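Chemist:
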Amino acid sequence: MNYARFLTAVSAARKPSPIRILTELQQRSPPSLISLAGGAPNPNTFPFQSASIKVKNGQTVSFDEAAMKRALQYSASNGIPELLTWMKNLQKNLHNPPTASYTSENGQMDMCVTTGSQEGLCKVFEMLVNPGDNVLLDAPTYSGTLAALQPLGCNLINVPSDQHGMIPAALKEVLSRWDPSEVHKPGSTAPKVLYTIPNGGNPTGASMTTQRKKEVYELARQYDMLIIEDDPYYFLQFDKPWAPTFLSMDVDGRIIRTDSFSKILSSGLRIGFVTGPKPLVDRVVLHIQASTMHTSTFTQLMVSQLLHSWGQEGFLQHIDRYVTGCTAICALTGLTAEWHSPSAGMFLWIKLKGIADTQQLIMQKALEKEVLLVPGGVFMINSSDPCPYVRAAFSLSTPEQIDEAFRRLSSLIKEAL
Amino acid sequence: MNYARFLTAVSAARKPSPIRILTELQQRSPPSLISLAGGAPNPNTFPFQSASIKVKNGQTVSFDEAAMKRALQYSASNGIPELLTWMKNLQKNLHNPPTASYTSENGQMDMCVTTGSQEGLCKVFEMLVNPGDNVLLDAPTYSGTLAALQPLGCNLINVPSDQHGMIPAALKEVLSRWDPSEVHKPGSTAPKVLYTIPNGGNPTGASMTTQRKKEVYELARQYDMLIIEDDPYYFLQFDKPWAPTFLSMDVDGRIIRTDSFSKILSSGLRIGFVTGPKPLVDRVVLHIQASTMHTSTFTQPLLQRCMKQSLSSHRVIEFYRGQRDAMISSADKWLKDVAEWHSPSAGMFLWIKLKGIADTQQLIMQKALEKEVLLVPGGVFMINSSDPCPYVRAAFSLSTPEQIDEAFRRLSSLIKEAL
Chain F
1 MNYARFLTAV SAARKPSPIR ILTELQQRSP PSLISLAGGA PNPNTFPFQS ASIKVKNGQT
61 VSFDEAAMKR ALQYSASNGI PELLTWMKNL QKNLHNPPTA SYTSENGQMD MCVTTGSQEG
121 LCKVFEMLVN PGDNVLLDAP TYSGTLAALQ PLGCNLINVP SDQHGMIPAA LKEVLSRWDP
181 SEVHKPGSTA PKVLYTIPNG GNPTGASMTT QRKKEVYELA RQYDMLIIED DPYYFLQFDK
241 PWAPTFLSMD VDGRIIRTDS FSKILSSGLR IGFVTGPKPL VDRVVLHIQA STMHTSTFTQ
301 LMVSQLLHSW GQEGFLQHID RYVTGCTAIC ALTGLTAEWH SPSAGMFLWI KLKGIADTQQ
361 LIMQKALEKE VLLVPGGVFM INSSDPCPYV RAAFSLSTPE QIDEAFRRLS SLIKEAL
Chain X
1 MNYARFLTAV SAARKPSPIR ILTELQQRSP PSLISLAGGA PNPNTFPFQS ASIKVKNGQT
61 VSFDEAAMKR ALQYSASNGI PELLTWMKNL QKNLHNPPTA SYTSENGQMD MCVTTGSQEG
121 LCKVFEMLVN PGDNVLLDAP TYSGTLAALQ PLGCNLINVP SDQHGMIPAA LKEVLSRWDP
181 SEVHKPGSTA PKVLYTIPNG GNPTGASMTT QRKKEVYELA RQYDMLIIED DPYYFLQFDK
241 PWAPTFLSMD VDGRIIRTDS FSKILSSGLR IGFVTGPKPL VDRVVLHIQA STMHTSTFTQ
301 PLLQRCMKQS LSSHRVIEFY RGQRDAMISS ADKWLKDVAE WHSPSAGMFL WIKLKGIADT
361 QQLIMQKALE KEVLLVPGGV FMINSSDPCP YVRAAFSLST PEQIDEAFRR LSSLIKEAL
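Going line by line, the protein sequences match chains F and X. Residue numbering for the first sequence is 1 to 417, as defined by full-length UniProt numbering. Residue numbering for the second sequence is 1 to 419, as defined by full-length UniProt numbering.
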C-alpha cells in the first residue's frame with residue numbers, strides 16, 4: 001500500500017530525534033564507552049524510593065529501588081519493550097493479524113503505547129486529516145471523536161447505521177459519488193478515512209456483525225481507504241465467542257486499531273494502544289516524541305508487571321469476572337421508549353417516543369425530576385439537529401438506582417406528552 | 001490583549017465537551033439526583049486496590065482503597081483541583097505575576113497540568129503556529145522544540161545570543177524589518193511568537209539577565225508578540241537569588257510559561273504545567289480534552305505530596321552544582337588549549353566550542369566511538385541541522401566526576417589527533 005498518500009504535510013515532515021541515534025549507539029557500545037550525550041536527569045535525585053501496589057486477587061506489584069529508578073526516568077516513545085511485547089502477543093493471539101508477518105513497507109503490524117487510546121485517536125486523526133477532507137463515520141458516535149475531528153476542518157459524512165452498526169449498503173451508496181478508478185488522481189475528493197466503533201458503540205451500544213465488517217472492508221479496498229477501528233469496549237463483549245475484528249481480516253494493511261484498558265484496568269492511569277501498519281505507527285510515535293514524549297514509565301511498568309503475572313489467561317479471566325456483572329440492566333418496562341439491548345459496552349441508547357428533541361427535556365425538566373441522562377444531540381455530527389434519543393450508562397449506578405432513574409424518566413416523558 | 005489574533009483556525013474551532021456540562025450539573029445537584037449521564041467505567045472493577053510509595057526522607061505516600069479508586073478514574077482535563085491550587089500558590093509566591101489579579105479577558109493567570117512540559121509546549125505551538133508564520137527563537141535551542149515546531153511549516157528566525165541568552169539589540173535588529181504600527185494589519189507577516197529557555201538553556205547553559213528579559217519584554221510589547229518562557233531548569237539554578245522570570249514582569253498577559261518537574265522530581269512520571277492567560281490556557285485544555293484527556297490521576301497526587309519537600313530541599317541543586325564544578329574542573333584540566341566554554345549557572349549542560357574544528361558531526365559520529373567517548377554534535381540544536389557547527393554538548397547529570405574526567409581526557413586526545 002502507498003501510505004504516503006494518506007499523510008498530512010505536518011505528519012510527513014516529522015523527523016526522528018537525532019539524539020535518539022546517539023542513545024542507540026550507546027546501547028550497542030561496550031560498557032567502557034563513556035557517554036556525556038544523554039540529556040536525562042539523574043534519577044538518584046528523585047525522592048521516590050520504592051513502591052508496593054496491592055492487587056485485588058492478593059498479589060502485589062513491587063518496585064524495588066532499581067525498578068523505581070527506571071519507573072521515574074525517561075523511556076522510549078513507543079512504549080517500554082516488555083509491555084509492547086506482551087501486547088503484540090495478545091494481538092496475535094486474539095486477532096491473528098495477516099500483517100504480523102509482512103515487511104515494513106507492506107504494512108507490518110506494529111504497536112505503540114499511548115496516554116489513553118484517545119491520545120492515539122487524536123494523533124491518528126492529526127496524521128491523516130486535512131482541512132476540507134471527507135471523513136466517513138456512522139453518527140451518532142463518541143463525542144470525544146467529534147471533538148478531535150471537527151476542529152481539523154474536515155467534512156464529516158454520515159454513514160447510516162442501525163443496531164448492527166454501519167450499514168454496508170448505505171456505505172456503498174455514500175461512496176457511489178466517486179469513481180473507484182479515480183481515487184488516486186490528484187485533487188480527488190474521495191474519502192481516505194473511515195472511522196467506526198465496532199463493539200458496544202458509544203452511544204448506541206451497537207455491535208457490527210462479522211459479515212458487515214467483511215463488506216465494509218471490501219468497500220475500503222475498492223476505494224483505498226484506511227479504516228480506524230476504535231474498539232474500547234472489545235473486552236466488554238457479553239457473549240462468546242467475541243466477534244472477529246477488522247484487524248483480523250486486514251490483508252492489505254489498511255486498519256489502524258485503537259485498544260483501551262480504560263474500561264477494564266483503569267481509566268485514570270491513561271494507557272492505551274495503537275496497532276497498525278508500521279509506516280503509520282512510526283508517524284504517530286514521532287508526534288508522541290514531540291509532545292508527551294512517552295506514556296508514564298511508572299504506569300507502564302505497573303500495568304506490565306500485572307499483565308505478566310496474570311499471563312494472557314489471567315487477563316481474560318479478569319475480564320470475564322467483570323463482564324458478568326454488567327448485564328443486569330435491560331429490564332425496562334413501562335417506559336414509553338424503544339431501545340436495542342447492547343451486546344457489549346456500557347450504554348443503552350433509548351429513543352423517547354413522541355419527543356422530537358431531548359435536549360430541552362433533559363436540560364430543564366430532568367433536573368426537576370432529579371434524573372440525568374445525556375441528550376442524544378451531543379453525539380451527532382451536527383449537535384443542534386433535533387434528536388429524540390438519550391444515552392443511559394449502566395456502569396456506575398446500582399440496579400436499584402437504575403430502576404428508580406427509569407421510573408423518574410418514565411414520569412418525565414409522560415408529563416411532557 | 002486581543003488573544004483571538006494569535007490562534008490557529010484549528011485551535012479557535014475547539015469546543016468544550018457538552019458532557020462536561022452535565023458533570024457540572026451533577027456536582028451542583030443534591031445527592032438524591034440519579035445520574036446515568038457519566039460515561040465513566042466502574043472503578044470497583046479495576047484490579048489495583050491500594051498503593052504505598054516510600055519516599056527517601058523516610059515518609060510514605062499511601063493510597064487507601066478510596067484514594068486508589070479516585071486515582072484510577074477519569075479526572076478533569078486541566079488537572080486535579082488540589083494540585084492546581086498548590087501550583088497556583090507556588091507561582092504566586094515565586095513570581096507574583098501581575099496577571100494573577102486580572103479578569104479573564106485581560107489575561108488572568110491560569111494554569112493546567114500537562115503530561116510533561118513538552119506536551120504543554122507542543123500544544124502551545126499547535127495553538128499558535130500556522131504554516132508560513134515567522135517564529136523567533138535563539139538557536140542553538142532544545143531539539144525537542146525544533147521537532148515540535150518544524151513540521152508545522154513555520155519559518156524559524158534565529159535571534160543571536162551569547163552566554164547571557166538572547167541579545168536584545170539583535171532582537172531589535174531582527175524586528176526592524178517590520179513596522180510596529182502595522183503588525184495588526186491583515187496579511188502582516190510580523191512574528192507573533194517568540195520562544196526562549198531563560199535559565200540553563202539546552203544546549204548552551206546560558207541564563208538571561210533580568211535586564212535582558214526586561215528589554216525583550218519591551219520589544220514584545222512594541223510588536224504585540226507572545227513570549228513562550230520554557231523554563232525546565234528554573235529549579236536548577238545554582239546561585240541565589242533566582243532570576244526574576246518573564247511571568248513576574250508580565251503586565252500585559254503575553255507570557256505563556258512552561259514549568260517542569262522532570263529534572264527535580266521525576267522525568268518518567270510525565271508531569272508539567274502551563275501558566276498563562278486564561279483565554280490561551282483554555283485552548284490548550286480543550287486540546288488535552290480531545291487527546292490525552294488528562295494527565296494520569298494517579299501521578300498527580302503522588303507528585304503533589306512530595307513537591308513541597310523537594311522544592312525546599314537543597315540536595316538536588318547541590319548535586320548538580322557539584323557535577324558542574326567537576327566538569328568545569330576537568331575541562332580546565334584537559335581542554336584548555338583545544339576548546340572554549342562558559343560555565344553554566346543553571347541546568348545540566350556544558351556547551352563546548354572545539355577550536356579548529358569546523359563541524360563536529362563527523363568527529364563525533366566516527367572518531368569518538370573509536371575513542372569510546374560520546375557527546376552530542378552541536379548541529380542537532382541548530383535551526384538548520386546540516387549547517388557546520390564547531391560545538392558539542394556535554395551533560396553532567398549522569399556520569400561520575402571520574403567518568404567525566406576520563407571522558408574529557410579522551411576528547412582532548414580525539415581533538416588533538418584531528419588537528
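Every residue gets a Cβ at the ideal spot worked out from N, C-alpha and C, and that includes glycine. All of these numbers come straight from a predicted model, not from anything done at the bench.
How big is the Cα-Cα spacing for X:Lys-263 and F:Ala-416?
Modeler: The straight-line gap from Cα to Cα measures roughly 59 Å.
Chemist: Assuming contact is defined by CB atoms lying nearer than 8 Å, are X:Asp-230 and X:Ile-197 in contact in what I supplied?
Modeler: Taking 8 Å as the Cβ cut-off, X:Asp-230 and X:Ile-197 qualify as a contacting pair.
Chemist: Could you confirm whether any beta carbon from chain F is found closer than 8 Å to the beta carbon of X:Phe-298?
Modeler: It does: the Cβ of X:Phe-298 has a partner Cβ on chain F nearer than 8 Å.
Chemist: Determine whether the beta carbon atoms of F:Gln-118 and X:Met-293 lie at a separation below 8 Å.
Modeler: A contact, by the Cβ cut-off of 8 Å.
Chemist: Run down chain X in chain order and give the residues with a C-beta less than 8 Å from the C-beta of F:Met-346.
Modeler: Within 8 Å Cβ-Cβ: Gly-39 and Pro-41.
Chemist: In the DSSP assignment, find the beta strand (DSSP E) that holds F:Ser-143 and state where it starts and stops.
Modeler: Here F:Ser-143 belongs to no beta strand (DSSP E); instead the alpha helix (DSSP H) covers 143-149.
Chemist: Quick check on the DSSP output: what are the complete alpha helix (DSSP H) runs of length 4 or more inside the stretch 95-147 of chain X, in order along the chain?
Modeler: Those alpha helix (DSSP H) runs which fall completely within the stretch 95-147 of chain X and span 4+ residues are 117-128.
Chemist: List the residues of chain X that F:Gly-55 touches, going by C-beta distances under 7 Å, in chain order.
Modeler: Note that residue 55 of chain F is Val in the sequence shown, not Gly. Under the 7 Å cutoff, chain X gives Pro-47, Phe-48 and Gln-49.
Chemist: Write down the C-beta distance between F:Leu-121 and F:Asp-230 rounded to the nearest angstrom, noting that I regard them as a contact closer than 8 Å.
Modeler: Yes, F:Leu-121 and F:Asp-230 are in contact; Cβ-Cβ is about 6 Å, under 8 Å.
Chemist: Would you check if there are 3 or more beta carbon pairs closer than 8 Å linking the stretch 23-41 of chain F to the stretch 374-381 of chain X?
Modeler: A contact exists between the stretch 23-41 of chain F and the stretch 374-381 of chain X.
Chemist: Excluding the 5 residues preceding and the 5 following F:Cys-154 in the sequence, name in chain order all residues of the same chain whose CB lies nearer than 8 Å to its CB.
Modeler: Only Val-129, Asn-130, Pro-131, Gly-132, Asp-133, Asn-134 and Val-135 meet the Cβ criterion.
Chemist: Tell me the residue span of the alpha helix (DSSP H) that contains F:Gly-120.
Modeler: 117-128 is the extent of the alpha helix (DSSP H) around F:Gly-120.
Chemist: Kindly list, in the order they appear in chain X, the residues whose Cβ is closer than 7 Å to that of residue 421 of chain F.
Modeler: For residue 421 of chain F there is no data in the structure shown, the boundaries of chain F being 1 and 417.
Chemist: Could you please give me the residues that DSSP links to F:Met-68 through a beta bridge?
Modeler: DSSP lists no partner for F:Met-68.
Chemist: I'd like to check one pair, X:Arg-221 with X:Met-1: are the Cβ atoms closer than 8 Å?
Modeler: Contact flag unset, no.
Chemist: On a CA-only basis, which of F:Ala-13, F:Ala-67 and F:Ile-19 is nearest F:Gln-305? Give me that one, please.
Modeler: The candidate whose alpha carbon is nearest that of F:Gln-305 is F:Ala-67.
Chemist: Taking all protein chains shown into account, do 16 or more other C-beta atoms lie within 10 angstroms of the C-beta of F:Ile-21, making it buried, or fewer, making it exposed?
Modeler: When all chains shown are included, F:Ile-21 counts as exposed.
Chemist: From the DSSP output, in three-state form, read off X:Gly-165 for me.
Modeler: X:Gly-165 falls in the strand class under three-state DSSP.
Chemist: So what's X:Ser-17 in DSSP terms, helix, strand or just coil?
Modeler: Three-state result, X:Ser-17: coil.
Chemist: Nearest by alpha-carbon distance to F:Leu-396: which of X:Ser-50, X:Ala-13, X:Ser-35 and X:Lys-15 is it?
Modeler: Minimum Cα distance to F:Leu-396 is reached at X:Ser-35.
Chemist: Kindly indicate which three-state DSSP category X:Lys-69 falls into: helix, strand or coil?
Modeler: Residue state, collapsed to three classes: helix.
Chemist: Using a 10 Å radius around the Cβ and a threshold of 16 neighbouring Cβ atoms, would you call X:Glu-119 buried or exposed?
Modeler: With 16 or more other Cβ atoms within 10 Å, it is buried.
Chemist: Against chain X, with Cβ distances strictly below 8 Å, would F:Ala-4 count as a contact?
Modeler: It does not: the Cβ of F:Ala-4 has no partner Cβ on chain X nearer than 8 Å.
Chemist: Cα separation between F:Ala-392 and F:Leu-348?
Modeler: Their Cα atoms are separated by approximately 5 Å.
Chemist: Should X:Ile-21 be listed as close to the ligand ZN, given that the test is whether its C-beta is under 7 Å from any heavy atom?
Modeler: Questions concerning the ligand ZN fall outside what the structure shown contains, since it holds no ligand whatsoever.
Chemist: Could you check whether the Cβ of F:Lys-263 sits closer than 8 Å to any Cβ belonging to chain X?
Modeler: It does: the Cβ of F:Lys-263 has a partner Cβ on chain X nearer than 8 Å.
Chemist: Could you list the residues in the stretch 67-78 of chain X with a C-beta less than 8 Å from some C-beta on chain F, going in chain order?
Modeler: Answer in chain order: Arg-70, Ala-71, Leu-72, Gln-73, Tyr-74 and Ser-75.
Chemist: In whole angstroms, what is the alpha-carbon distance linking F:Arg-70 and F:Ala-40?
Modeler: When rounded, the distance between both Cα atoms is 12 Å.
Chemist: For a contact meaning CB atoms closer than 7 Å, what does X:Lys-263 contact in chain F?
Modeler: Per Cβ cutoff of 7 Å: Pro-41.
Chemist: With 8 Å as the threshold, decide whether the Cβ of X:Asn-384 is near any Cβ in chain F.
Modeler: No - not a single Cβ of chain F is within 8 Å of the one on X:Asn-384.
Chemist: Please work out which residues of its chain come closer than 6 Å, Cβ to Cβ, to F:Ser-11, disregarding the five sequence neighbours upstream and downstream, and give them in chain order.
Modeler: Closer than 6 Å at the Cβ level, and outside the excluded window around F:Ser-11, lie Met-127 and Arg-283.
Chemist: X:Asn-199 to F:Ala-290, Cα distance in whole Å?
Modeler: Approximately 21 Å between the Cα atoms of the pair.
Chemist: Quick one: residues in its chain with C-beta nearer than 7 Å to the C-beta of F:Ala-328, no 5 flanking neighbours on either side, listed in chain order?
Modeler: Bear in mind that the predicted position of F:Ala-328 carries a pLDDT of just 40, short of 50, making it unreliable; the figure below should be weighed with that in mind. Answer for F:Ala-328: Pro-399, listed in chain order.
Chemist: Between the C-alpha atoms of F:Gly-334 and F:Gln-163, what's the straight-line distance to the nearest angstrom?
Modeler: Confidence is the limiting factor: at F:Gly-334 the pLDDT is only 47, short of 50, which leaves the residue's position unreliable and the question unanswerable from this model.
Chemist: Is there a Cβ of chain X sitting closer than 8 Å to that of F:Pro-151, yes or no?
Modeler: Chain X contact via Cβ: present.
Chemist: Mind listing the chain X neighbours of F:Phe-48? Cutoff is C-beta to C-beta under 9 Å, in chain order.
Modeler: Simply Ile-53, Lys-54, Val-55, Lys-56, Val-61, Leu-265, Ser-266, Leu-269, Leu-302 and Cys-306.
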